[in-house]
Structures are given as structure tokens and as C-alpha cells.
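J.:
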Amino acid sequence: MSMFKIFDTAASGMTAQTLRLNTVASNMANVDSVSSSIDETYRARQPVFSALLNQFNPDAPAVGVQVRGIVESEAPPSMEYAPDHPQANEEGYIFRPNVNPVEEMANMISASRSYQSNVEVVNTAKQLMVATLRLGE
Amino acid sequence: MSFDKLLGIHAQALQLHAKRAEVLAGNIANADTPGYKARDFDFHEVLRQQVAGESTLTTTHQRHIPLDDGVISPSEMAYRIPTQPSLDGNTVDSQLEHTAFAENALQYQASLRFLGGTIQTLKKAITGQ
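Heads up: the sequence lines are chains A and B, in that order. Straight run, no breaks: the first sequence in the working numbering ends on number 137. Straight run, no breaks: the second sequence in the working numbering ends on number 266.
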């Protein structure tokens, strides 16, 4: 029964969106993590999605999602002159992460909407399968 | 008397609707995958071919594996033409996929009803009510 595959496909989408929500949470949590050197500064993380191609059947009609990895943003962290800050370096500078809260919020909303779509797909598929099992009753 | 004839077109339609639901679920799951191209197939055309018993893949060697019923051959799968270009090359239109999925689910249920009705009729005939 091919409908079982819908559960796998939607589940892979849900897993990917959960990971995206996780990275958003991580970025938002670290938005004020100040550090004294540019190398130690937190950098915004983003997951990279790709379609999960079936190696046995590359022409398979339905494909799930896989998370290829998590990349750190290349944007430069912002430098701020704050000599009174306990984390300030010898020159009196602190470094703030390159997290853009507006971007993260938009990302969060998009991820939760996509998650919802996948849940809806699972629910519909479940209803259809239950109805199929009751066929002829 | 074969059961395929008794149940009519809806048994095949049901399988095809399940297949289409799978394809659309794949599109919805990949709504945020960069470069993913949304896919679909022409339901009526594929159903017509399956009812007529036409196979889209011809086997020219005894070791070729013929397609089973209810399987979509790669040549029947098409790509959706996006109405709006996106920066990451993804062509999934969330609204479109959702409505298509809902429509397909409804059609699946309709086919199911027809099959259920036929089965009820057969049952009545068998029990002589």
C-alpha cells in the first residue's frame, strides 16, 4: 500500500522543520551572547535542506527531505566599543553575534507553518486509510 | 466473472489517488528545500491508459521487469510550471499543493464511497436479501 509512504515523507518534512525551529531557538537564545574575541563569537546557524532521493529508484515520484548539515552565517559579527563591559578585550571592544532577530522570527513562522502543513497531510492520509480499512462494512 | 469488472473503474482510481496523494505529500514536505521542483501527473491521462491496459514502458527483453498496475512510470511524471520565480529555485506553491491535496483526498473518498456501495450491493445479492 503506497499510502504508508506518505507518513515517511511527511515525517521527514516534520523532522527537518523541527531542526529549523531548533536552530532558530539557538540563534534567538544567543542573540545577546557577547564575547571578547571575534573567533569566539556565536554565529547564526541555518540548516541546509535537500530532497531525499531514493538511491534505488531515482525516478521515484515522492521524495522526503533530508538535512544536509548546518551552516554558520558568514556575516561579520558586530563590534562594539564598550570598555566598561566585563567581557571587553584590551582595546575595549566586545563582539556581538551576527544574529538578525527579524530574520529569525520570519524563519520561525515559516518553519511552524510548514510543520503544520505536514501534520495536516498526515492527518488526511490517516483518515483516508481508516476509511479504506472500513470499506465494505 | 472477475472482481475487477464488478468493482469498475474505482478500484484503479483509488490506487491512482493514493499515488497522487504521495506525490503531493512529497511536494508539501519539500516546500522549503532549495532547488526542489514540484511534480505531479495528469490523473485523467494515466487512469485512461491504465483502464485501456496500455503500458507506457515497453519490454523488449525477457529480463525486463514490466510495470505493475497502479505504478506511475517516470515518463508520466511532470514538473509544475511555477507562477512566480523564487530565489532558491524551489517551485512548490504551498497554496496550490494544499488545494490539490485536499481535492485529491476528496476524490479518493468519493471513489471509496462508490466501491463501498458496490460491495454493499454485491453483499445483498449474495445473501439474497
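Beta carbons are placed, not taken as given, at the ideal position from N, Cα and C, and that holds for glycine. This structure is a prediction, so every number in the text was calculated from the model and none was measured.
Between which two residues does the beta strand (DSSP E) carrying V71 (chain A) extend?
T.: Locating residue 71 (chain A) in the first sequence gives position 71, where the first residue counts as 1. Here the beta strand (DSSP E) through V71 (chain A) covers G64 to E72.
J.: Quick check on G69 (chain A) - is its C-beta less than 7 Å from some C-beta in chain B?
T.: Start at 1 with the first residue of the first sequence, and residue 69 (chain A) comes out as number 69. Answer no: the Cβ-Cβ gap between G69 (chain A) and chain B never drops below 7 Å.
J.: I need the straight-line Cα distance from N22 (chain A) to L243 (chain B), nearest angstrom please.
T.: Residue mapping note: residue 22 (chain A) aligns to position 22 of the first sequence, counting from 1. Residue mapping note: residue 243 (chain B) aligns to position 106 of the second sequence, counting from 1. Roughly 35 Å between the two C-alpha positions.
J.: The beta strand (DSSP E) spanning E104 (chain A) covers which residue range?
T.: If you number the first sequence from 1, residue 104 (chain A) lands on position 104. Run containing E104 (chain A): none in the beta strand (DSSP E); it sits in the alpha helix (DSSP H), P101 to L133.
J.: Name, in chain order, the residues that DSSP records as bridge partners for P47 (chain A).
T.: Walking along the first sequence from the start, residue 47 (chain A) turns up at place 47. DSSP output for P47 (chain A) lists A:I70 as bridge partner(s).
J.: Using a Cβ-Cβ cut-off of 7 Å, state whether K5 (chain A) counts as contacting chain B.
T.: Residue numbering aside, residue 5 (chain A) sits at position 5 when the first sequence is read from its first letter. Taking Cβ atoms only, chain B reaches closer than 7 Å to K5 (chain A), which makes this a yes.
J.: For a contact defined as C-beta to C-beta under 7 Å, what are the partners of S114 (chain A) on chain B?
T.: Position 114 of the first sequence, counted from the first residue, corresponds to residue 114 (chain A). Neighbourhood of S114 (chain A) in chain B, by CB distance below 7 Å: A168 and D169, in chain order.
J.: For N27 (chain A), tell me which candidate among A:P101, A:T9, A:D8 and A:E40 has the shortest Cα-Cα distance.
T.: Locating residue 27 (chain A) in the first sequence gives position 27, counting from the first residue. Measuring from the Cα of N27 (chain A), the nearest candidate turns out to be A:P101.
J.: According to the Cβ coordinates, are R43 (chain A) and I70 (chain A) closer than 7 Å?
T.: Locating residue 43 (chain A) in the first sequence gives position 43, counting from the first residue. Locating residue 70 (chain A) in the first sequence gives position 70, counting from the first residue. For R43 (chain A) and I70 (chain A), no; Cβs fall outside 7 Å.
J.: Can you say whether G226 (chain B) is buried or exposed, counting buried as having 16 or more other CB atoms within 10 angstroms of its CB?
T.: As a first step, residue 226 (chain B) must be located in the second sequence, where it is residue number 89. With fewer than 16 other Cβ atoms within 10 Å, it is exposed.
J.: Just to confirm the assignment, what range does the beta strand (DSSP E) spanning E80 (chain A) have?
T.: The residue given as residue 80 (chain A) occupies position 80 in the first sequence. Its beta strand (DSSP E) spans residues S78 to Y81.
J.: Counting only Cβ pairs nearer than 9 Å, list the residues of chain C close to I165 (chain B).
T.: Absent from the structure: chain C. Protein chains present are A and B.
J.: CB F49 (chain A) to CB T170 (chain B), shorter than 7 Å?
T.: As a working note, residue 49 (chain A) is residue 49 in the first sequence. As a working note, residue 170 (chain B) is residue 33 in the second sequence. Against a cut-off of 7 Å, the Cβ pair of T170 (chain B) and F49 (chain A) comes out as a contact.
J.: Would you tell me roughly how many angstroms separate the C-alpha atoms of S114 (chain A) and L224 (chain B), rounded to the nearest one?
T.: Residue 114 (chain A) sits at position 114 when you count from the first residue of the first sequence. Residue 224 (chain B) sits at position 87 when you count from the first residue of the second sequence. Each residue's alpha carbon lies about 18 Å from the other.
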